[in-house]
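Residues -2 to 269, numbered by our numbering, are exactly what the sequence shown covers, in order.
A virtual CB, placed ideally from N, CA and C, is assigned to each residue, including glycine.
Only a predicted model underlies this, so the values are computations on that prediction, with no experimental measurement involved.
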Amino acid sequence: MRQWSRAAQSAGLSIGFVPTMGALHAGHAHLLGTSVDHNDRTVLSIFVNPTQFNQSADYATYPRTWDPDIDLARSLGVDAVFAPPVEEMYPGNGSTRVVPGPIASILEGVHRPGHFEGVATIVVKLLNAVRPDRAYFGLKDFQQVAVVRSVVQDLDVPVEIVALDTVRDDDGLALSSRNTRLSPDDRAAARVIHRALSAGMHTHAQGSRDAAHIRGAVAAELSAEPRCRVEYIEVADSRTLAPVSRISSPSVLLVAAWFADVRLIDNVQLPS
Ligand code: AMP
């Protein structure tokens, strides 16, 4: 991988990089298409990273769809796919880990212990392999973008992080590889997440700056759906992700919820 990148770079070509766990959908395609537009070369990585899964069942059942992924990459003009085997990325289990700062201990960090340590470690390893000029991430995983930005800044990794908006299905559900694991009834029920976030945005747009009030509007929608088990509803500062009680700076409204054994996350931004 590094040889390929070196050859491209010594020919003066810029490299864009989109790290994924495969099971590609239109959200990934948005990142890839943007990278293809912005860079001379685009690298896609497909690696279901075991160190970021805090539940082994989630890792075992994570969808893997190699052939359609490669077809999509080809159709979008991706130049290289980096899909290393687990033993190659973590020989002998690999003992060094990248431990991100406090931004990784809140929200997802509380509910998925070790998750961001796994994400930070694999992102640094992939960036070291690919050596891109730019790397593209989706704001669907809002906290992940913040964690990656802080790791790259703190460790002086020479890459520009580009964050792109969430791509949604027609009914508003944020696209996610895990959506394919929802039963038809749960897929229909999962629309409630976007409805609930919209209710929160609406409350904010009507002038409320009280986070508890906004969270209440979200909770009311979610609790109307019996198939939905809420894990958290939070309003946080967009930059630090610290929870806020009053919105006075750009903020983000985040939700994590379960439908049977599938955990979904989503968020919307609330301007101050
Ligand atoms: P994943 O394969 O789920 O690890 O995601 C790979 C990248 O795609 C991450 O940067 C995600 O944030 C991004 N991504 C996943 N779903 C979406 C979506 N619906 N819209 C935009 N980006 C997404």
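Residue i versus the options, residue with shortest Cα-Cα distance
{"i": "residue 170", "options": "149, 21, 263, 109", "result": "263"}
{"i": "residue 238", "options": "244, 37, 192, 140", "result": "140"}
{"i": "residue 0", "options": "126, 46, 260, 32", "result": "126"}
{"i": "residue 119", "options": "17, 223, 12", "result": "17"}
{"i": "residue 243", "options": "132, 110, 231, 253", "result": "231"}
{"i": "residue 85", "options": "46, 192, 216", "result": "46"}
{"i": "residue 165", "options": "145, 192, 106", "result": "192"}
{"i": "residue 34", "options": "76, 19, -2", "result": "76"}
{"i": "residue 181", "options": "56, 128, 257, 73", "result": "257"}
{"i": "residue 220", "options": "204, 248, 112, 190", "result": "190"}
{"i": "residue 146", "options": "235, 29, 31", "result": "235"}
{"i": "residue 212", "options": "44, 108, 227", "result": "227"}
{"i": "residue 30", "options": "49, 54, 69, -2", "result": "69"}
Under the three-state DSSP convention, the category residue i falls into
{"i": "residue 238", "result": "coil"}
{"i": "residue 81", "result": "coil"}
{"i": "residue 264", "result": "strand"}
{"i": "residue 134", "result": "strand"}
{"i": "residue 207", "result": "strand"}
{"i": "residue 119", "result": "helix"}
{"i": "residue 88", "result": "helix"}
{"i": "residue 110", "result": "coil"}
{"i": "residue 65", "result": "helix"}
Cβ distance (whole Å) where residue i is taken to contact residue j below 8 Å
{"i": "residue 261", "j": "residue 185", "result": "About 13 Å; that fails the 8 Å criterion."}
{"i": "residue 129", "j": "residue 40", "result": "7 Å"}
{"i": "residue 121", "j": "residue 144", "result": "11 Å between Cβ atoms; not a contact."}
Ligand 2 heavy atom lying under 8 Å from the CB of residue i
{"i": "residue 38", "result": "With respect to small molecules bound, the structure shown includes ligand 1 and not ligand 2."}
Check: Where in the stretch 25 to 60 do unbroken runs of the alpha helix (DSSP H), each at least 4 residues long, occur, reported from the N-terminal end onward?
Finding: 53 to 58
What are the complete beta strand (DSSP E) segments, minimum 3 residues, inside the stretch 126 to 203?
-> 131 to 135, 157 to 161
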